[in-house]
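Colleague: So the sequence lines, in the order shown, correspond to chains A and B. Going by numbering that gives the first Met the number 0, the first residue of the first sequence is number 0, and it counts up by one from there. Going by numbering that gives the first Met the number 0, the first residue of the second sequence is number 0, and it counts up by one from there. Once you've had a glance at the structure underneath, I'll fire off some questions.
Protein chains: 2
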Amino acid sequence: MHDLIMFLRENGIQATPQRLAVATVVLGSRTHPTADNVWQKVRKICPTASRATVYNTLNLFIEKKLVKPQFLREGTVVFDSLAGPHHHFIDEATGRIYDVPWDAVKVRLDESLEAFDIHAYQVVMRGRRRRNAPKN
Amino acid sequence: MHDLIMFLRENGIQATPQRLAVATVVLGSRTHPTADNVWQKVRKICPTASRATVYNTLNLFIEKKLVKPQFLREGTVVFDSLAGPHHHFIDEATGRIYDVPWDAVKVRLDESLEAFDIHAYQVVMRGRRRRNAPKN
DNA sequence: GTTCGTGCAAACGGTTTGCAACAAT
DNA sequence: ATTGTTGCAAACCGTTTGCACGAAC
Numbered sequence: 000m001h002d003l004i005m006f007l008r009e010n011g012i013q014a015t016p017q018r019l020a021v022a023t024v025v026l027g028s029r030t031h032p033t034a035d036n037v038w039q040k041v042r043k044i045c046p047t048a049s050r051a052t053v054y055n056t057l058n059l060f061i062e063k064k065l066v067k068p069q070f071l072r073e074g075t076v077v078f079d080s081l082a083g084p085h086h087h088f089i090d091e092a093t094g095r096i097y098d099v100p101w102d103a104v105k106v107r108l109d110e111s112l113e114a115f116d117i118h119a120y121q122v123v124m125r126g127r128r129r130r131n132a133p134k135n
Numbered sequence: 000m001h002d003l004i005m006f007l008r009e010n011g012i013q014a015t016p017q018r019l020a021v022a023t024v025v026l027g028s029r030t031h032p033t034a035d036n037v038w039q040k041v042r043k044i045c046p047t048a049s050r051a052t053v054y055n056t057l058n059l060f061i062e063k064k065l066v067k068p069q070f071l072r073e074g075t076v077v078f079d080s081l082a083g084p085h086h087h088f089i090d091e092a093t094g095r096i097y098d099v100p101w102d103a104v105k106v107r108l109d110e111s112l113e114a115f116d117i118h119a120y121q122v123v124m125r126g127r128r129r130r131n132a133p134k135n
């Protein structure tokens, strides 16, 4: 898409087929893919893309704040397609990670926390998703 | 200590010099050491302890619920000496992780979360610790 | 023609595993 | 004798890096 090229350019990123593929996969995804997940999908769109380029591109996107890395799992980083702050729920049975809307959790920080200058926070929940649960 | 041996035995763990060293280091620590941090300290107490044994022992302790692994950082797990639930604050400048008492943060979960059967949650905060901050 | 992006393979760092020696029961 | 524990080295897996080629300005 031409507007995707524009979008990248606006963020100081020169568009290339590989980067467009990574952007398509990672920006248009409600999931929380690992770098390798991204690579698997990217190769289908752009078979020449190497693992190194995918990693480099993801790091570039992090630097340019197009995606946010999350440390929610052992051993690997997952990428957040980033549309405003939100919380996370991790299904302990499947390992799947769900976004939880910001307003679904109310957090009140005690005064005792004045020792910390808190720039950001998130609630990380673990458990099991109920069987007949609605979308997301 | 004899009571430490007892404690391990109560948890179905056969005491050995290596395991006692790991227990001493990891259970009696307010910090959040990585496996390698633990190894460094353990070798001073028990020079024969190998890296593999420290890793194996830590995994054993996780399995027996004596410590809890936390995924708060890229690339490495840190271990929580585990005395009841609490939250975490990560100093973005130093990387240091601080325990935040459970009551210092009040969390109210919305009804919309009924889709999830939440077993546990924690708040992860990031920012900078203030210079003249009190203990912990 | 200099800069930037890429692919490949090698290197890297944290962690696990196979195996042979060794206690402990 | 069987079972469990250890040390070592090698394997492993996710990620980064060095380098030479190629495309873009």
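Backbone N, C-alpha and C fix where the C-beta goes; we use that ideal spot for every residue, glycine too.
1. Taking only beta-carbon positions, decide if Ala114 of chain B is within less than 7 Å of chain A.
2. Going along the chain, which residues of its own chain have a beta-carbon closer than 7 Å to the beta-carbon of Ile12 of chain A, five neighbours each way excluded?
3. Quick one: any contact between the segment 34-51 of chain A and the segment 94-105 of chain A, if contact means 3 or more CB pairs under 8 Å?
4. Under 7 Å Cβ to Cβ from Ala20 of chain A, same chain only, skipping five residues before and after it: list those, please.
5. Could you pull the start and end residues of the beta strand (DSSP E) that Lys43 of chain B belongs to?
6. Using the Cα positions of Lys67 of chain B and Val25 of chain A, report the straight-line distance between them to the nearest angstrom.
7. Return the residue from the list A:Leu3, A:Arg72, A:Asn55, A:Glu9 that minimises the CA-CA distance to Arg95 of chain A.
8. 7 Å is my cut-off, CB to CB: does Arg128 of chain A come that close to chain B?
9. Is the shortest distance between the beta-carbon of His118 of chain A and the beta-carbons of chain B less than 7 Å?
10. At which residues does the alpha helix (DSSP H) containing Leu59 of chain B begin and terminate?
11. According to the Cβ coordinates, are Met124 of chain A and Ile4 of chain B closer than 7 Å?
12. Hey, could you find the ends of the beta strand (DSSP E) Ile96 of chain B is sitting in?
13. Under 7 Å between beta-carbons, which chain B residues line up against Val123 of chain A? List them in chain order, please.
14. Quick check on DSSP: helix, strand or coil for Ile4 of chain A?
15. Could you check where the alpha helix (DSSP H) with Leu108 of chain B kicks off and where it finishes?
16. State the Cα-Cα distance for the pair His85 of chain A and Asn10 of chain B, rounded to the nearest angstrom.
17. Does DSSP put Val191 of chain B in a helix, a strand or coil?
18. So for Arg129 of chain B, helix, strand or coil by DSSP?
19. Expressed to the nearest angstrom, what Euclidean distance is found between the alpha-carbon atoms of Asp35 of chain B and Val53 of chain B?
20. Below 8 Å on the Cβ atoms is my guess for Phe115 of chain A versus Arg128 of chain B; work out the distance and round it to an integer in Å.
21. Can you pull the DSSP bridge partners for Ala119 of chain B?
22. Since I believe Tyr120 of chain A is in contact with Val122 of chain B (beta carbons under 8 Å), could you give me their beta-carbon distance rounded to a whole number of angstroms?
23. Closer than 6 Å by C-beta to Ser28 of chain A: which residues in its own chain qualify, once you throw out the five before and the five after it? Chain order, please.
24. So for Gln13 of chain A, helix, strand or coil by DSSP?
25. Expressed to the nearest angstrom, what Euclidean distance is found between the alpha-carbon atoms of Thr75 of chain B and Thr93 of chain B?
26. Looking only at C-alpha atoms, which of B:Ala22, B:Thr30, B:His31 sits nearest to Asn55 of chain B?
Modeller: So, from the data block:
1. Reading the second sequence from its first residue, position 115 is the one you call residue 114 of chain B. Yes, Ala114 of chain B lies at the interface with chain A (some Cβ there is under 7 Å from its Cβ).
2. Taking the first sequence and counting its residues from 1, the one referred to as residue 12 of chain A is at position 13. Closer than 7 Å at the Cβ level, and outside the excluded window around Ile12 of chain A, lie Arg18, Leu59, Lys63.
3. Because the criterion of three Cβ pairs below 8 Å is not met, the segment 34-51 of chain A and the segment 94-105 of chain A do not touch.
4. On the first sequence, residue 20 of chain A is found 21 positions in, with the first residue counted as 1. So the list reads Val41, Ile44, Cys45, Ala48, once near-sequence residues are dropped.
5. Stepping through the second sequence from its first residue, residue 43 of chain B is reached at position 44. That residue, Lys43 of chain B, is in no beta strand (DSSP E); its alpha helix (DSSP H) goes 34-44.
6. Here residue 67 of chain B refers to the residue found at position 68 of the second sequence. Here residue 25 of chain A refers to the residue found at position 26 of the first sequence. Rounded to the nearest angstrom, the two C-alpha atoms are 31 Å apart.
7. Taking the first residue of the first sequence as position 1, residue 95 of chain A is located at position 96. Nearest of A:Leu3, A:Arg72, A:Asn55, A:Glu9 to Arg95 of chain A, Cα basis: A:Arg72.
8. In the first sequence, the residue the question calls residue 128 of chain A occupies position 129. Output row for Arg128 of chain A: interface = yes.
9. Translated into positions along the first sequence, residue 118 of chain A becomes position 119. So yes, His118 of chain A belongs to the interface.
10. For the purposes of this step, residue 59 of chain B is identified with residue 60 of the second sequence, where counting begins at 1. Counted as a single uninterrupted DSSP element, the alpha helix (DSSP H) harbouring Leu59 of chain B occupies residues 50-62.
11. Position 125 of the first sequence holds residue 124 of chain A. Position 5 of the second sequence holds residue 4 of chain B. It is not a contact, given that the beta carbons lie outside the stated cut-off.
12. Here residue 96 of chain B is taken as the residue at index 97 of the second sequence, counted from 1. Segment 96-99, the beta strand (DSSP E) holding Ile96 of chain B.
13. In the first sequence, residue 123 of chain A corresponds to position 124, counting from 1. The answer, in chain order, is Tyr120, Gln121, Val123.
14. Reading the first sequence from its first residue, position 5 is the one you call residue 4 of chain A. In the three-state reduction of the DSSP assignment, Ile4 of chain A falls in the helix class, which pools H, G and I.
15. Here residue 108 of chain B is taken as the residue at index 109 of the second sequence, counted from 1. Premise fails: Leu108 of chain B lies in the beta strand (DSSP E), 104-108, not in any alpha helix (DSSP H).
16. Along the first sequence, read from residue 1 onward, the residue named residue 85 of chain A stands at position 86. Along the second sequence, read from residue 1 onward, the residue named residue 10 of chain B stands at position 11. Answer to the nearest angstrom: the Cα atoms are 38 Å apart.
17. For residue 191 of chain B there is no data in the structure shown, the boundaries of chain B being 0 and 135.
18. To locate residue 129 of chain B, count along the second sequence from 1; it is residue 130. Here Arg129 of chain B sits in coil by DSSP.
19. Indexing the second sequence from 1 puts residue 35 of chain B at position 36. Indexing the second sequence from 1 puts residue 53 of chain B at position 54. Rounded to whole angstroms, Asp35 of chain B and Val53 of chain B show a C-alpha spacing of 9 Å.
20. As a first step, residue 115 of chain A must be located in the first sequence, where it is residue number 116. As a first step, residue 128 of chain B must be located in the second sequence, where it is residue number 129. Indeed, because the Cβ distance is near 6 Å, the residues count as touching under 8 Å.
21. Here residue 119 of chain B is taken as the residue at index 120 of the second sequence, counted from 1. Note: Ala119 of chain B sits in a beta bridge opposite A:Arg125.
22. By one-based count along the second sequence, residue 122 of chain B stands at place 123. By one-based count along the first sequence, residue 120 of chain A stands at place 121. About 6 Å separates the two Cβ atoms, so the contact holds.
23. Counted from its first residue, the first sequence places residue 28 of chain A at position 29. Excluding residues within five positions, the ones whose Cβ falls inside 6 Å are Ser80.
24. In the first sequence, residue 13 of chain A corresponds to position 14, counting from 1. In the structure shown, Gln13 of chain A sits in coil (DSSP, three-state: anything other than H, G, I, E or B).
25. The sequence position of residue 75 of chain B within the second sequence is 76, counting from 1. The sequence position of residue 93 of chain B within the second sequence is 94, counting from 1. Cα-Cα distance, rounded: 16 Å.
26. Position 56 of the second sequence holds residue 55 of chain B. Ranking the options by Cα distance to Asn55 of chain B, first place goes to B:Ala22.
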